[in-house]
Amino acid sequence: MPKFLVKTSSFVLIDLQRGKRYVGAPLVHRIQAPQKGNTCGLYAFNPLRFRFGNQYPTTNRDRNIELVFSMYRCGLNKIDSNEPICKLLLEEIRDFLASDLKKITMDEVKNYLLELEKNLAAFKKFSSDTVETQKQIQQYKEICQEFIDNDYEYDDFEEFLTQKANIDLIKLAQKTIASLSFITAFEPQEVLNNYVNESIKSVVNSRDNYGSMLRLNLDNPEFLAPIYHQAVLNLAASCFQLEGSDWDPTKPIEALMETLEEFGPQVIYTEPCVLFDSANCKLEVESDTYKIYSAGKSMDEKEGCHSLLIVGAENCDGGPFVYLSDPNVPAPLKGPSPLYKIPYSELLMKIHNIYGVSLQEDADKIKGPFSFQAKKGNFDRLYDFVNGHQPYQPLDNPNKTRAMRPSIM
Numbered sequence: 013m014p015k016f017l018v019k020t021s022s023f024v025l026i027d028l029q030r031g032k033r034y035v036g037a038p039l040v041h042r043i044q045a046p047q048k049g050n051t052c053g054l055y056a057f058n059p060l061r062f063r064f065g066n067q068y069p070t071t072n073r074d075r076n077i078e079l080v081f082s083m084y085r086c087g088l089n090k091i092d093s094n095e096p097i098c099k100l101l102l103e104e105i106r107d108f109l110a111s112d113l114k115k116i117t118m119d120e121v122k123n124y125l126l127e128l129e130k131n132l133a134a135f136k137k138f139s140s141d142t143v144e145t146q147k148q149i150q151q152y153k154e155i156c157q158e159f160i161d162n163d164y165e166y167d168d169f170e171e172f173l174t175q176k177a178n179i180d181l182i183k184l185a186q187k188t189i190a191s192l193s194f195i196t197a198f199e200p201q202e203v204l205n206n207y208v209n210e211s212i213k214s215v216v217n218s219r220d221n222y223g224s225m226l227r228l229n230l231d232n233p234e235f236l237a238p239i240y241h242q243a244v245l246n247l248a249a250s251c252f253q254l255e256g257s258d259w260d261p262t263k264p265i266e267a268l269m270e271t272l273e274e275f276g277p278q279v280i281y282t283e284p285c286v287l288f289d290s291a292n293c294k295l296e297v298e299s300d301t302y303k304i305y306s307a308g309k310s311m312d313e314k315e316g317c318h319s320l321l322i323v324g325a326e327n328c329d330g331g332p333f334v335y336l337s338d339p340n341v342p343a344p345l346k347g348p349s350p351l352y353k354i355p356y357s358e359l360l361m362k363i364h365n366i367y368g369v370s371l372q373e374d375a376d377k378i379k380g381p382f383s384f385q386a387k388k389g390n391f392d393r394l395y396d397f398v399n400g401h402q403p404y405q406p407l408d409n410p411n412k413t414r415a416m417r418p419s420i421m
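Residue numbers (my numbering): 13 to 421.
As structure tokens, this is what we get:
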């Protein structure tokens, strides 16, 4: 059973372990850094899995899995960092063409690429002070060449630049899935097909033709990229030996309390974002072990998705509430843990299932799972290991990734 900061008939609050400890270096208790970029989904899994670290053999199955998803995380950060470069490149090529025409053709990009090569050759003759400029030109060249060779056959460079982040994310996701196929036996298209099928099956009697609209948009990189991203996260959960929870958010808060007591924290996905921002929150309760914040009146909704952990639930006179831990705001090794309190009704308005379907989708019913959890008893082992109470013990069912083979569309 998980350890609790509070456990009464009306209030359950889990004691989430602080920081991180690597199996390859078990004597060192380290601070957990906040997430970087669009990586909340992977960071939210961290408290529910063993971390192996670079001192653990790379030939080990679990360390190999960890490295694959670490590379995926780094790839996401690189995609984020490339977006400003694409915006600058668009401005530069518009200046070069001295035209505000809507369409930038392949021939115009080829001419601009020749100009970039001339400029790069000229800068190389100068001192080392031009290193950063040379680097920027080289990045421009690579993007232009990618457009010329692109797989999606865009005939407008501006459209290509607009979609580049999505294209790169799709390629990164496909590479990540393929690199794990020797463990999972899943190929990229197979994982995607399974995700789409399960997403459609989770919407019972859609009133908005959910399945038809989903399939209709799969050729659009802007639509396909987040689908591939969530499919990778679902694969990561399986590789980390997590499971989909039976918790149904449409049931009373007591059902969530029972799930937390039995299995521990629940990883969830929200859109619009449920995002913890202590600067705009009200501190409600402070103790030696936790600080509980609630949303300020001036807080606006944030666009996009965000992943968090449910660590508590309360049924009180003011209505049911849930307590969240945010990967953006990790707890210190010592002192109170920052937690975020929101009404259960707000969570129901924003939560999605693990196939990206909002609970508010217009249908007779939206089926789960709505969260990921550690298998029963596994969170307790993780808690004891990270806190230095017990040595590492492998989790149950190491071959879980082979348990459910994806269906084919």
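Built from N, CA and C at the ideal position, the CB exists for glycine as well. These figures come from a predicted structure and were not determined experimentally.
Counting beta carbon pairs with one atom in the region 51 to 71 and one in the region 377 to 391, are three or more of them shorter than 8 Å?
Flag = yes, the region 377 to 391 and the region 51 to 71 touch.
What number of angstroms, rounded off, separates the C-alpha of residue 379 from the C-alpha of residue 323?
Roughly 22 Å between the two C-alpha positions.
Taking residue 230 as the reference, which of 286, 91 and 209 has the closest Cα?
The candidate whose alpha carbon is nearest that of residue 230 is 209.
I'd like the list of long-range same chain contacts for residue 244, defined as Cβ closer than 6 Å, with 5 residues on each side in sequence excluded.
Around residue 244: 185 and 188.
Compare the Cα-Cα distances from residue 201 to each of 325, 236 and 67 and report the closest residue.
Ranking the options by Cα distance to residue 201, first place goes to 236.
What's the call for residue 384, buried or exposed, on a 16-neighbour Cβ count within 10 Å?
Buried: at least 16 other Cβ atoms inside 10 Å.
Confirm, please, whether the CB-CB distance from residue 29 to residue 340 is below 7 Å.
Taking 7 Å as the Cβ cut-off, residue 340 and residue 29 do not qualify as a contacting pair.
Alpha carbon to alpha carbon, what distance is there between residue 318 and residue 363?
Residue 363 and residue 318: Cα-Cα distance of roughly 10 Å.
Which residue marks the beginning of the alpha helix (DSSP H) containing residue 238, and which one marks its end?
Looking at the DSSP string, the run of the alpha helix (DSSP H) that includes residue 238 is 233 to 251.
When you compare the CB of residue 219 with every CB in chain C, is at least one pair closer than 7 Å?
Absent from the structure is chain C; it holds one protein chain and no more.
Please look up how many angstroms separate the CB atoms of residue 336 and residue 321, rounded, as I've assumed it's under 8 Å.
Their Cβ separation, rounded to whole angstroms, is 7 Å, which keeps residue 336 and residue 321 in contact under 8 Å.
Taking the continuous beta strand (DSSP E) assigned at residue 216, which residues delimit it?
Its beta strand (DSSP E) spans residues 215 to 218.
Can you tell which of 80, 13 and 85 has the C-alpha that lies nearest to the C-alpha of residue 47?
Checked all of 80, 13 and 85; the closest Cα to residue 47 is 85.
What did DSSP end up calling residue 305 once you bin it into helix, strand or coil?
Three-state result, residue 305: strand.
Could you tell me the boundaries of the beta strand (DSSP E) in which residue 298 lies?
First-last of the beta strand (DSSP E) with residue 298: 293 to 298.
Tell me, please, which residues DSSP counts as bridged to residue 314.
Partner(s): 285.
Are residue 124 and residue 138 close, meaning C-beta to C-beta below 7 Å?
No.
Return the residue from the list 352, 369 and 302 that minimises the CA-CA distance to residue 346.
Checking every option, the nearest Cα to that of residue 346 belongs to 302.
Taking residue 422 as the reference, which of 113, 325 and 130 has the closest Cα?
Absent from the model: residue 422. The displayed extent of the chain is 13 to 421, so no value can be given.
For the candidate residues 299, 191 and 327, whose alpha-carbon lies nearest to that of residue 20?
Among 299, 191 and 327, the Cα nearest to that of residue 20 belongs to 327.
Give me, in chain order, the residues of the same chain whose beta-carbon lies closer than 7 Å to that of residue 81; leave out the 5 immediate sequence neighbours on both sides.
So the qualifying residues of the chain are 54 and 248.
With DSSP as the reference, label residue 14 as helix, strand or coil.
DSSP places residue 14 in coil when its eight states are reduced to three.
Can you tell which of 76, 261 and 159 has the C-alpha that lies nearest to the C-alpha of residue 193?
Answer by Cα proximity: 76.
I need the DSSP call for residue 377, collapsed to helix, strand or coil.
Three-state DSSP puts residue 377 in a strand.
Run through DSSP, which three-state label would residue 165 get?
In the structure shown, residue 165 sits in coil (DSSP, three-state: anything other than H, G, I, E or B).
Straight-line CA distance for residue 233 to residue 179?
Whole-angstrom Cα-Cα distance: 6 Å.
Using only alpha-carbon positions, find the residue among 305, 122, 142 and 272 that is nearest to residue 18.
Comparing Cα positions, the closest option is 272.
Assign residue 190 to buried or exposed, taking buried as 16 or more other Cβ atoms, counted over all protein chains shown, within 10 Å of its Cβ.
Per the 10 Å Cβ criterion, exposed.
Pick out whichever of 49, 115 and 69 has its Cα sitting closest to the Cα of residue 95.
When only C-alpha atoms are compared, the closest one is 49.
DSSP has residue 186 in a bridge; who is on the other side?
Beta-bridge pairing links residue 186 to no other residue.
Please classify residue 241 as buried or exposed, where buried requires at least 16 other C-beta atoms within 10 Å of its C-beta.
So residue 241 counts as buried.
Would you say residue 152 and residue 128 are within 7 Å of each other, going by their C-beta atoms?
Yes, Cβ-Cβ distance for residue 152 and residue 128 is below 7 Å.
Buried or exposed: where does residue 160 fall if 16 or more other Cβ atoms within 10 Å of its Cβ makes it buried?
Exposed, because fewer than 16 other Cβ atoms sit within 10 Å of the Cβ of residue 160.
Check whether the Cβ atoms of residue 344 and residue 256 sit closer than 7 Å, and answer yes or no.
Against a cut-off of 7 Å, the Cβ pair of residue 256 and residue 344 comes out as no contact.
If you drop the 5 nearest sequence neighbours on each side, which residues of the same chain put their C-beta closer than 6 Å to that of residue 285?
Excluding sequence neighbours, residue 285 sits near 314, 316 and 318.
Between the alpha carbons of residue 376 and residue 93, how many angstroms are there, rounded?
Answer to the nearest angstrom: the Cα atoms are 41 Å apart.
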